[in-house]
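**Student:** Dropping a structure here in structure tokens format, bear with me for questions.
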Amino acid sequence: MSWRSGSRGVVLTAYHPSGEAGDAPGGFQSKRRQDRNKYRRSGQYTMNHDHSKKIPDGASFDRSGSQDSLDELSMDDYWKELENIHETRGNNHEERVALVVKEPDEGELEEEWLKEAGLSNLFGESSGDSLESMVFLSTLTRTQRAAVEKRVETVTQTMRKKNKQHQIPDVRDIFRLQNDSKGKVCDGSEPSTVRTSENKNETHDGPEGPKFSLGTDEQKSLIEDMPSSDTDINLEISFAEQAANLKDSSVGKVYKGGGSDTLLPNFRLPKDKTGTTKIGDLAPQDMKKVYSLALIELTALYDILGTEFKQQKAVKIKTKDSGLFGVPLSLLLEQDQKRVPGTKIPLIFQKLIAQIEETTLETEGLLRIPGVATRVKGLCQELEAKFYEGTFNWENVKQHDAASLLKLFIRELPQPLLTVEYLKAFQDVQNLPTRKQQLQALNLLVILLPEANRDTLKVLLEFLQRVIDHRDKNKMTLKNVAMVMAPNLFTFHGFASKTIEQSEFVMAAGTANVMRFMIQYQKLLWTIPKFIVNQVRKQTESQKKEKKDKAMKKLLKKMTYDREKHEKQEKTLNDTDVPQGVIRVQAPHLSKVSMAIQLTEELKAGDIVARFLSQKSGNVQTLKKEEVFLYEIGGNIGERCLDDDTYMKDLYQLNPNAEWVIKPKQS
């Protein structure tokens, strides 16, 4: 990859013309061999040799550093894949349009960050109308608030320098307002129990209401007292809060070991009685809140750990508006959905994976051994012409060719699958001190990906795991697959680093390790942390109270009865013929459309679904258990699909005003 600095940014080109300066035929390969041998001899063949990244003062935890897991691994697969990519591009004389990554002006990055986090009304012309943001800020943890405050301060200082004419609030005033008015924000009259960083940041709804843990100061002792092993991933406490407390206590247990797949920690999620929430389980309005919170949480985590977090921005460039390869993912899906409504994965991507698996996944060197470059190029051109017509002859595609086409598709995307915005953040995961923190950061980054990118990445990782499952036959272990796939996912990695040899080796080992983590822990990465779901609940609840209070004030101007009477009537209406400890479950798609369910300590969501499916009356049962799920709707959440192991009594106590509906999961 080549790059050059411009007055406004860094210019990237994804293709290398053959005969690049300084590269005689075969020069690329021989140079790579010389370089890697030199680094092996010098002892610098590690991923964390970049001393520009420093641990914050006072933090005594060790680097997990993938150097412990990758030092002794042969990087030959990585460099060989890079050589194959170079050869493929060398045979393609078409010069790709350059991708320009815009260098932001002072304060522009922070301003964009606040917009992404849904906090644009904390500054600028709309800064006076920030009641909604006050509700949002009231649910943040100490470290999350610090991250927001830091960015608001930068933006306001920049605005003052530029002499903006509109109101420029002082960051201290914003957070002071939030602290002083939190009672009015939450219920309009009584002081709220939502505490900020000065007030311990724990939220309650009174002695009988649901309690939300947001992972804050008061829970420091809870973190220390919770029985857990080093491999437990705590999703109840903010990751940044955990890191801050770990830093304060100056203890950081890390995992060290060689490159064997089995030496990766067996991270697990402790059982949550209120159910595990996966990406895709929440309604769009809830996911919008999750996105904002995940962005703030990731930034807070990187701040605590002393790693710079900067979202890159690509200048819009002209791209293909039709075809298969080199077409923006969103546009490709748009044209595919006209043919297959509802599809979330590009059809060509699905077909290439199916073609690879059709033969056998036991083929030795699968993904590592490339197809013949000239044949792959010809197949690519033929696919462009015949794929959508349905006239392409797949019998002519050899397995290694299909694998090469799959990797080519990923590389040819106009912007990386991991996105320009977050690619550098994915790379910087390697610089975080512990493997657990690396996993936490990856979890948040996956949440932040656009839906199309995230869905496509998920299908890719699931496929790679199936390849690894046949490692005894195909000789493709986790580390082999990670080495081969890393150059393809991080094709655009040159834009964020200097093109010096040492940095290139740092990047190679680092991205291979990130790739390894994404494959190994993919099931964990698609989980939404409970502390974020709880923050969504608190926001939803506060917003509903605010809307209710506004409606009540308007109503009281026209009606003569008081608020207490209205609430009593509302409660009576909602609780009609539903005894205490009983919930009413609706199932409009099943034979039995409604049932009163008595809650017990051991009753799970899966038990309720099974009970409905066992009732057959009238219509023939057409839906199977794996096709329908119990949903929690309303109350303090928009909509949430429950996993079968959710304990219903515990969840009911958390959200007593929810409705319960059994229905098929929307694709």
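The numbers in the numbering used here rise by one with no breaks, and the one at position 493 of the sequence shown is 513.
Ideal Cβ positions, reconstructed from N, Cα and C, are used throughout, including at glycine.
Quick caveat, the model's predicted, so the values are computed rather than measured.
Taking the Cβ atom as the reference point for each residue, do asparagine 508 and lysine 427 lie within a distance shorter than 7 Å?
**Tutor:** Indexing the sequence shown from 1 puts residue 508 at position 488. Indexing the sequence shown from 1 puts residue 427 at position 407. In this structure, lysine 427 lies closer than 7 Å to asparagine 508 by Cβ.
**Student:** Specify the secondary structure class of glutamine 618 as computed by DSSP and reduced to three states.
**Tutor:** Here residue 618 corresponds to residue number 598 of the sequence shown, with the count starting at 1. In the structure shown, glutamine 618 sits in a strand (DSSP, three-state: E or B).
**Student:** If you drop the 5 nearest sequence neighbours on each side, which residues of the same chain put their C-beta closer than 6 Å to that of tyrosine 322?
**Tutor:** In the sequence shown, the residue the question calls residue 322 occupies position 302. Hits under 6 Å: Phe329.
**Student:** Can you name, in chain order, every residue of its own chain whose Cβ lies under 8 Å from the Cβ of glutamine 686, other than the five neighbours on each side?
**Tutor:** Looking up residue 686 in the sequence shown gives position 666. Once the five neighbours on either side are set aside, glutamine 686 has no close Cβ partner at all.
**Student:** Exposed or buried, what is lysine 406 when buried is set at 16 or more other beta-carbons lying within 10 Å of its beta-carbon?
**Tutor:** As a working note, residue 406 is residue 386 in the sequence shown. Under this definition lysine 406 is an exposed residue.
**Student:** Taking the alpha carbon of arginine 171 as the point to measure from, which residue in Thr161, Ala137, Thr159 and Phe259 has its own alpha carbon closest?
**Tutor:** For this step, residue 171 is matched to residue 151 along the sequence shown. Among Thr161, Ala137, Thr159 and Phe259, the Cα nearest to that of arginine 171 belongs to Ala137.
**Student:** Quick check on arginine 180: buried or exposed, where buried means 16 or more other Cβ atoms within 10 Å of its Cβ?
**Tutor:** Mapped onto the sequence shown, residue 180 falls at position 160. Result: exposed.
**Student:** Between Leu468, Val449 and Leu160, which has its C-alpha nearest proline 551's C-alpha?
**Tutor:** Position 531 of the sequence shown holds residue 551. Here residue 551 is phenylalanine; the residue named in the question, proline, does not match the sequence. If we check each option's Cα against that of phenylalanine 551, Leu160 comes out closest.
**Student:** Below 6 Å CB to CB, which residues in the same chain sit around leucine 372 once its five sequence neighbours on both sides are set aside?
**Tutor:** For the purposes of this step, residue 372 is taken as the residue at position 352 of the sequence shown. Counting only Cβ-Cβ distances below 6 Å, and skipping sequence neighbours, we find Ala422, Leu425 and Leu426.
**Student:** What is the DSSP secondary structure of tyrosine 667, counted as helix, strand or coil?
**Tutor:** Position 647 of the sequence shown, counting from 1, holds the residue named residue 667. Strand at tyrosine 667.
**Student:** May I ask which residues mark the beginning and end of the beta strand (DSSP E) holding phenylalanine 412?
**Tutor:** Along the sequence shown, one-based indexing puts residue 412 at 392. Counting along the chain, phenylalanine 412 falls outside any beta strand (DSSP E), and DSSP gives it neither H nor E.
**Student:** Between the C-alpha atoms of valine 310 and leucine 462, what's the straight-line distance to the nearest angstrom?
**Tutor:** As a first step, residue 310 is located in the sequence shown; it is residue number 290 there, counting from the start. As a first step, residue 462 is located in the sequence shown; it is residue number 442 there, counting from the start. Whole-angstrom Cα-Cα distance: 15 Å.
**Student:** Taking all protein chains shown into account, decide if glutamine 164 is buried (16 or more other Cβ within 10 angstroms of its Cβ) or exposed.
**Tutor:** On the sequence shown, position 144 is the one that residue 164 refers to. Glutamine 164 comes out buried.
**Student:** Quick one: complete beta strand (DSSP E) runs, 3+ long, within the stretch 466-514?
**Tutor:** With a minimum length of 3 residues, no continuous beta strand (DSSP E) run stays inside the stretch 466-514.
**Student:** What is the DSSP secondary structure of valine 347, counted as helix, strand or coil?
**Tutor:** Taking the sequence shown and counting its residues from 1, the one referred to as residue 347 is at position 327. Here valine 347 sits in coil by DSSP.
**Student:** Alpha carbons only, please: which of Glu659, Leu459, Leu139 and Pro285 is nearest the one belonging to methionine 445?
**Tutor:** Against the sequence shown, residue 445 aligns to sequence position 425. The displayed chain sequence assigns alanine, not methionine, to residue 445. Minimum Cα distance to alanine 445 is reached at Leu459.
**Student:** What separation, rounded to the nearest whole angstrom, lies between the Cα atoms of tyrosine 442 and leucine 452?
**Tutor:** For the purposes of this step, residue 442 is taken as residue 422 along the sequence shown, with counting starting at 1. For the purposes of this step, residue 452 is taken as residue 432 along the sequence shown, with counting starting at 1. C-alpha separation (whole angstroms): 16 Å.
**Student:** Determine the DSSP secondary structure at arginine 388, reduced to helix, strand or coil.
**Tutor:** Stepping through the sequence shown from its first residue, residue 388 is reached at position 368. The answer is coil: DSSP assigns arginine 388 none of H, G, I, E or B.
**Student:** I need the straight-line Cα distance from glutamate 169 to threonine 176, nearest angstrom please.
**Tutor:** Position 149 of the sequence shown holds residue 169. Position 156 of the sequence shown holds residue 176. Straight-line Cα distance between these residues: approximately 10 Å.
**Student:** Between arginine 455 and proline 290, how many whole angstroms is the CB-CB distance? I'm expecting something under 8 Å.
**Tutor:** Start at 1 with the first residue of the sequence shown, and residue 455 comes out as number 435. Start at 1 with the first residue of the sequence shown, and residue 290 comes out as number 270. That pair is no contact at about 17 Å.
**Student:** Under DSSP, the alpha helix (DSSP H) around valine 172 begins and ends at which residues?
**Tutor:** Numbered from 1 along the sequence shown, position 152 holds the residue referred to as residue 172. Element bounds for valine 172: 162-181.
**Student:** So for proline 608, helix, strand or coil by DSSP?
**Tutor:** As a first step, residue 608 is located in the sequence shown; it is residue number 588 there, counting from the start. Of the three classes helix, strand and coil, the one that applies to proline 608 here is coil, per DSSP.
**Student:** Leaving out five residues before and five after glutamate 647 in sequence, what residues of the same chain have Cβ atoms less than 7 Å from its Cβ?
**Tutor:** Indexing the sequence shown from 1 puts residue 647 at position 627. Once the five neighbours on either side are set aside, the close Cβ partners of glutamate 647 are Pro684.
**Student:** Using beta-carbon positions only, say whether glutamate 652 and alanine 630 come within less than 7 Å of one another.
**Tutor:** For this step, residue 652 is matched to residue 632 along the sequence shown. For this step, residue 630 is matched to residue 610 along the sequence shown. No, Cβ-Cβ distance for glutamate 652 and alanine 630 is not below 7 Å.
**Student:** Return helix, strand or coil for proline 304, following the three-state DSSP convention.
**Tutor:** Walking along the sequence shown from the start, residue 304 turns up at place 284. The answer is helix: DSSP assigns proline 304 an H, G or I state.
**Student:** Answer with buried or exposed for arginine 359, where buried requires no fewer than 16 other C-beta atoms within 10 angstroms of its C-beta.
**Tutor:** In the sequence shown, the residue the question calls residue 359 occupies position 339. Arginine 359 is exposed by the Cβ-count criterion.
**Student:** Only counting the same chain, and skipping five residues up and downstream in sequence, which positions put a Cβ closer than 7 Å to that of aspartate 281?
**Tutor:** Here residue 281 is taken as the residue at index 261 of the sequence shown, counted from 1. Its pLDDT being 49, under 50, aspartate 281 is placed unreliably in this model, and the coordinates cannot settle the point.
**Student:** Going by the DSSP bridge assignment, what does glycine 138 pair with across the sheet?
**Tutor:** Here residue 138 refers to the residue found at position 118 when the sequence shown is read from its first residue. In the DSSP output, where bridge partners are listed per residue, glycine 138 has none listed.
**Student:** So, under 8 Å CB-CB, proline 348 and proline 434 are touching, yes? Tell me the CB distance rounded to an integer number of Å.
**Tutor:** Here residue 348 refers to the residue found at position 328 of the sequence shown. Here residue 434 refers to the residue found at position 414 of the sequence shown. About 5 Å separates the two Cβ atoms, so the contact holds.
**Student:** Looking only at its own chain, which residues have a Cβ that is under 7 Å from the Cβ of asparagine 104, when we skip the five neighbours before and after it?
**Tutor:** Within the sequence shown, the letter at position 84 stands for residue 104. Within the same chain, asparagine 104 has close Cβ partners Pro390.
**Student:** For the alpha helix (DSSP H) that valine 396 lies in, which residues bound it at each end?
**Tutor:** Here residue 396 corresponds to residue number 376 of the sequence shown, with the count starting at 1. 393-406 is the span of the alpha helix (DSSP H), which, as asked, contains valine 396.
**Student:** At what residues does the alpha helix (DSSP H) containing glycine 626 begin and finish?
**Tutor:** By 1-based counting over the sequence shown, the position of residue 626 is 606. Segment 625-633, the alpha helix (DSSP H) holding glycine 626.
**Student:** Suppose contacts are defined by Cβ-Cβ distances below 7 Å. Is glycine 295 in contact with leucine 662 by that definition?
**Tutor:** Here residue 295 is taken as the residue at index 275 of the sequence shown, counted from 1. Here residue 662 is taken as the residue at index 642 of the sequence shown, counted from 1. Contact: yes.
**Student:** Tell whether a beta-carbon distance below 7 Å holds between isoleucine 488 and valine 479.
**Tutor:** Residue mapping note: residue 488 aligns to position 468 of the sequence shown, counting from 1. Residue mapping note: residue 479 aligns to position 459 of the sequence shown, counting from 1. No, Cβ-Cβ distance for isoleucine 488 and valine 479 is not below 7 Å.
**Student:** What does a CB cutoff of less than 7 Å around alanine 528 pick up in its chain, not counting 5 residues either side in sequence?
**Tutor:** As a working mapping, residue 528 is identified with position 508 in the sequence shown. Cβ neighbours of alanine 528 beyond the five flanking positions: Met95 and Tyr98.
**Student:** Among Trp546, Glu415, Asp627 and Val553, which one has its Cα closest to the Cα of methionine 668?
**Tutor:** Translated into positions along the sequence shown, residue 668 becomes position 648. Per the Cα distances, Asp627.
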